[in-house]
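S.K.: Protein chains in written order, with the working numbering: chain A, 1 to 364; chain B, 365 to 728. Could you have a look at this structure, given as structure tokens, before my questions?
2 protein chains.
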Amino acid sequence: MSFKILKKCPATGARRGVLKTPHGEINTPIFMPVGTRASVKAMSPDELVDLNAEIILGNTYHLFLRPGMDIMEKAGGLHKFSSWDRPILTDSGGFQVFSLKGLRKITKEGVHFASHIDGSRFFLGPKESMAIQRTLGSDIVMAFDECTPYPCDHKQAEKSMLQTTEWETICRDQKLGEGQQLFGIVQGSMYKDLREQSAKDLVNIGFEGYAIGGLSVGEPEGKMFEVLDWTVPYLPEDKPHYLMGVGTPKQIVEAVARGVDMFDCVIPTRLARHGSAFLTNGTTIPIKAARYREDLSPIDENCDCYTCRKFSKAYIRHLMNVGEILGMRLVTMHNLYYFINLMRQIREAIAEDRFAQFRADFGK
Amino acid sequence: MSFKILKKCPATGARRGVLKTPHGEINTPIFMPVGTRASVKAMSPDELVDLNAEIILGNTYHLFLRPGMDIMEKAGGLHKFSSWDRPILTDSGGFQVFSLKGLRKITKEGVHFASHIDGSRFFLGPKESMAIQRTLGSDIVMAFDECTPYPCDHKQAEKSMLQTTEWETICRDQKLGEGQQLFGIVQGSMYKDLREQSAKDLVNIGFEGYAIGGLSVGEPEGKMFEVLDWTVPYLPEDKPHYLMGVGTPKQIVEAVARGVDMFDCVIPTRLARHGSAFLTNGTTIPIKAARYREDLSPIDENCDCYTCRKFSKAYIRHLMNVGEILGMRLVTMHNLYYFINLMRQIREAIAEDRFAQFRADFGK
Chain A
1 MSFKILKKCP ATGARRGVLK TPHGEINTPI FMPVGTRASV KAMSPDELVD LNAEIILGNT
61 YHLFLRPGMD IMEKAGGLHK FSSWDRPILT DSGGFQVFSL KGLRKITKEG VHFASHIDGS
121 RFFLGPKESM AIQRTLGSDI VMAFDECTPY PCDHKQAEKS MLQTTEWETI CRDQKLGEGQ
181 QLFGIVQGSM YKDLREQSAK DLVNIGFEGY AIGGLSVGEP EGKMFEVLDW TVPYLPEDKP
241 HYLMGVGTPK QIVEAVARGV DMFDCVIPTR LARHGSAFLT NGTTIPIKAA RYREDLSPID
301 ENCDCYTCRK FSKAYIRHLM NVGEILGMRL VTMHNLYYFI NLMRQIREAI AEDRFAQFRA
361 DFGK
Chain B
365 MSFKILKKCP ATGARRGVLK TPHGEINTPI FMPVGTRASV KAMSPDELVD LNAEIILGNT
425 YHLFLRPGMD IMEKAGGLHK FSSWDRPILT DSGGFQVFSL KGLRKITKEG VHFASHIDGS
485 RFFLGPKESM AIQRTLGSDI VMAFDECTPY PCDHKQAEKS MLQTTEWETI CRDQKLGEGQ
545 QLFGIVQGSM YKDLREQSAK DLVNIGFEGY AIGGLSVGEP EGKMFEVLDW TVPYLPEDKP
605 HYLMGVGTPK QIVEAVARGV DMFDCVIPTR LARHGSAFLT NGTTIPIKAA RYREDLSPID
665 ENCDCYTCRK FSKAYIRHLM NVGEILGMRL VTMHNLYYFI NLMRQIREAI AEDRFAQFRA
725 DFGK
């Protein structure tokens with residue numbers, strides 16, 4: 001068993017666990033910074049280690065197009081190519097190719113698509129996705145799924161979910177690399193019966209972990225929590241549960257309470273590049289605003305990150321407003337520290353039997 | 365005496381020295397990375413310390429406009445504002461305002477100009493430049509001068525040089541901050557008689573150091589060396605000599621041979637952002653080129669910088685070509701390491717009486 005639950009919250013569904021991978025253990029619940037194109041935007045691998053990022057995410061679609069799989073093969077995989085020797089999870093590329101509206105054609109075998117870069121034509125299906133992720137050498141491989149848009153009627157959602165299950169069966173049959181773990185992805189839009197069926201079908205196939213896909217696609221936040229309430233109970237308790245592409249600090253706390261162990265999201269890095277910096281309570285401040293022009297205090301007096309220990313809001317505001325790269329670097333570092341530290345606090349709260357209180361107090 | 369010469373080259377004009385400043389000593393000959401807007405582009409202050417940058421340069425014109433002197437005053441100067449506690453040299457702002465062709469009007473008192481950002485009107489003269497640099501709190505303050513374009517006829521060059529001397533006299537009369545050193549700037553375009561007169565006049569005024577301005581403005585390289593040959597002999601031997609805005613590795617080696625102790629230039633940082641990376645012999649390679657697509661070796665096998673120890677040309681090329689910030693960071697770090705390491709090699713060569721050989725071998 002590569003996943004071990006160390007502690008369960010007596011009052012909620014929260015779990016404190018450890019997942020073993022070929023590149024080391026990760027402590028759950030965990031947040032995975034997003035390194036779409038073989039780099040977590042604005043950060044170096046050593047800075048991510050300093051931030052105590054235990055695992056990062058890479059995107060199959062982007063890496064397949066650039067730098068391309070010939071180079072990745074020659075380099076010996078994504079870890080060596082990007083000098084990152086901790087665990088990596090890669091997505092299947094499905095989400096990205098389905099987003100290429102007007103540039104893609106879906107068949108039962110997969111998706112024909114045109115590159116968003118130069119229009120070159122490619123095909124991506126479950127077999128291709130597995131082959132690419134095998135070359136990437138990620139520790140956790142995601143099954144190839146179709147992510148339905150929101151809203152989506154029941155008929156379309158069912159058809160898509162059944163197609164996903166078929167593809168995931170094919171994924172399961174492909175040969176993976178040494179130690180690679182395959183996670184299945186539950187779909188079914190916002191429908192209880194479809195989520196239930198998808199979860200049951202995937203459990204029948206059998207995966208090393210289970211992701212909940214198709215959320216954070218525009219639905220109201222309450223709907224996201226409802227889908228988690230329906231879905232997680234059908235997932236094996238002794239396997240990791242991963243909520244894809246989510247979310248805000250509050251959404252993460254709420255999903256942990258519902259039994260989710262893993263998260264990834266571009267929020268901390270993307271918001272940083274636009275100048276939004278997280279505060280302890282999970283809200284953000286717009287660091288470029290005129291009111292911080294002469295503010296010589298750090299972003300967050302209570303934060304111990306490099307940015308907050310060394311630099312003022314006035315300095316960071318100046319850097320962002322004149323377009324100095326260091327500005328984006330400093331806010332990115334602060335925001336990632338915030339998310340990684342939030343997960344540490346969540347893990348400690350679960351370990352110390354006070355997660356329900358942590359959840360109740362969060363954001364106040 | 366704040367400047368001490370430790371060793372002179374027996375065969376050339378090169379000197380190995382130490383300059384004391386309120387924020388620590390710097391070892392000469394030295395290269396100063398350029399931090400125009402309170403940040404050396406793409407670098408953090410800690411990375412500059414890791415690179416062993418002993419002093420950086422700040423630009424009065426840019427800092428005067430943004431973030432502005434009210435904030436700088438409140439922050440307690442440029443060191444505190446930018447979290448850099450090693451020495452800083454600031455230019456006078458003269459070079460930048462004279463470059464604002466069509467946006468500036470020169471009088472005997474100084475320069476009326478319109479901000480390149482929003483057109484707001486300002487005035488900068490010798491008194492204003494000294495007041496700003498006093499607020500910035502730089503360790504080395506540059507006198508306010510006029511830099512003539514190239515080519516420039518003798519009459520215009522003479523008039524400009526005399527105006528500069530007048531302004532530098534005013535600068536000398538201004539009250540500076542505790543420990544701040546004022547450097548005069550020799551002008552006189554490419555004319556021997558004018559350079560001689562300018563140097564003599566400045567020595568009469570008396571400064572803590574002497575800069576050679578008005579070079580690297582488009583003249584042939586041989587002309588630059590000729591002007592150095594004429595000018596340096598008129599500068600006090602026991603004061604630091606600073607060649608402003610220069611240059612390429614070869615130009616630096618040649619200027620050191622002519623008695624220059626200090627250099628600043630945007631070449632390593634600017635070229636890095638365009639993907640040009642320095643090799644041991646002082647040439648550059650275009651890291652974005654297709655020929656490096658599958659090249660898994662470092663930029664320079666002989667380089668010990670962070671970039672070369674950890675990353676391949678193929679990875680850096682990928683990052684630069686997809687526009688990841690880390691790409692610019694890694695090449696900037698490598699190029700600055702190259703320049704700082706070049707100066708260390710020059711200092712060692714002088715100390716060990718083998719600079720003439722180092723110069724003869726350089727670039728081969």
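Virtual Cβ for every residue (Gly too), placed ideally from N, Cα, C. Predicted, not measured: the structure shown is a model, and the values here were computed from it.
1) Which chain A residues sit within Cβ distance under 9 Å of Met-692/B?
2) Leaving out the 5 sequence neighbours to the left and right, which residues in its chain are closer than 7 Å to Glu-618/B when beta-carbon positions are compared?
3) Using alpha carbons as the reference points, say which of Ala-131/A, Leu-326/A, Phe-64/A, Gly-323/A lies closest to Thr-36/A.
4) Counting pairs of beta carbons, one from the segment 21-33 of chain A and one from the segment 78-87 of chain A, are three or more of them closer than 8 Å?
5) Output, in sequence order along the chain, the residues in the segment 506-535 of chain B whose CB is closer than 9 Å to any CB in chain A.
6) Buried or exposed: where does Asp-160/A fall if 16 or more other Cβ atoms within 10 Å of its Cβ makes it buried?
7) Within 10 angstroms of the Cβ of Asp-557/B, are there 16 or more other Cβ atoms? Answer buried if so, exposed if not.
8) Counting Cβ pairs closer than 8 Å, one from the segment 432-442 of chain B and one from the segment 657-671 of chain B, do we hit at least three?
9) Between Leu-136/A and Thr-90/A, is the Cβ-Cβ spacing less than 8 Å?
10) Starting from the N-terminal side, write out each stretch of the beta strand (DSSP E) that is 3 residues or longer and does not extend beyond the segment 212-256 of chain A.
11) Apart from the five residues just before and just after Ser-403/B, which ones in its own chain have a Cβ nearer than 8 Å to its Cβ?
12) Using a Cβ-Cβ cut-off of less than 7 Å, list which residues of the segment 654-674 of chain B approach chain A; keep chain order.
13) Given that a residue counts as buried once 16 or more other Cβ atoms are within 10 Å of its Cβ, and exposed if not, what is Arg-195/A?
14) With respect to 7 Å, is the separation between the Cβ of His-23/A and the closest non-hydrogen atom of the ligand MG below this value?
15) For the beta strand (DSSP E) that contains Pro-650/B, what are its first and last residues?
16) Does any residue of chain A bring its CB to less than 8 Å from the CB of Met-396/B?
17) Ignoring anything shorter than 3 residues or poking outside the segment 63-119 of chain A, list the beta strand (DSSP E) runs there in chain order.
18) Just checking my contact of Gly-646/B with Thr-612/B at CB under 8 Å: how many whole Å lie between their CB atoms?
19) Does the CB of Leu-319/A have a neighbour CB from chain B at under 8 Å?
20) Does the beta carbon of Pro-67/A sit closer than 8 Å to a beta carbon anywhere in chain B?
21) What residues match up with Gly-209/A in a beta bridge as DSSP calls it?
22) Checking 8 Å against the spacing of the C-beta atoms, do His-476/B and Lys-465/B come in under that value?
23) What are the residues in the segment 244-275 of chain A lying within 8 Å of chain B by C-beta distance?
24) I'd like the list of long-range same chain contacts for Ile-252/A, defined as Cβ closer than 6 Å, with 5 residues on each side in sequence excluded.
25) Comparing the C-beta of Ala-42/A with each C-beta of chain B, is any distance below 8 Å?
26) Are the CB atoms of Tyr-656/B and Lys-677/B nearer to each other than 8 Å?
27) Give the straight-line distance between the Cα atoms of Lys-178/A and Ala-131/A, rounded to the nearest whole angstrom.
28) Which value, in whole angstroms, describes the spacing of the CA atoms of His-79/A and Ala-521/B?
29) Mapping the DSSP letters down to three states, classify Lys-155/A as helix, strand or coil.
30) Would you mind stating whether Gly-209/A and Tyr-242/A have Cβ atoms separated by less than 8 Å?
31) Near Cys-9/A, what residues of its chain come up, given a Cβ to Cβ distance below 6 Å and the 5 sequence neighbours on each side ignored?
32) May I have the straight-line CA-CA distance separating Ala-439/A from Thr-231/A, to the nearest angstrom?
33) Does any residue of chain B have a CB that is nearer than 8 Å to the CB of Ile-71/A?
34) Quick one: residues in its chain with C-beta nearer than 7 Å to the C-beta of Cys-738/B, no 5 flanking neighbours on either side, listed in chain order?
35) I'd like to know whether the C-beta atoms of Asp-145/A and Ile-185/A end up nearer to each other than 8 Å.
36) Pick helix, strand or coil for Ile-340/A, following the three-state DSSP scheme.
M.R.: Walking through what the data contain:
1) Ile-325
2) Phe-589
3) Phe-64/A
4) yes
5) none
6) The amino acid occupying residue 160/A in the given sequence is Ser; Asp does not appear at that position. By the neighbour-count rule (16 or more Cβ atoms within 10 Å), Ser-160/A is buried.
7) exposed
8) no
9) yes
10) 241-243
11) Ser-446
12) Arg-657, Glu-658, Leu-660, Lys-674
13) buried
14) For the ligand MG, the structure offers nothing, since it holds no ligand at all.
15) 648-650
16) no
17) 88-90, 104-106, 111-114
18) 7 Å
19) yes
20) yes
21) Phe-183/A
22) no
23) none
24) Phe-263
25) yes
26) yes
27) The question names Lys, yet the displayed sequence has Glu at residue 178/A. Answer to the nearest angstrom: the Cα atoms are 13 Å apart.
28) 59 Å
29) helix
30) yes
31) Ile-350, Phe-355
32) Because residue 439/A is not part of the residues shown, which for chain A are 1 to 364, the question remains open.
33) yes
34) In this structure chain B extends from 365 to 728, so residue 738/B is not present and cannot be described.
35) yes
36) helix
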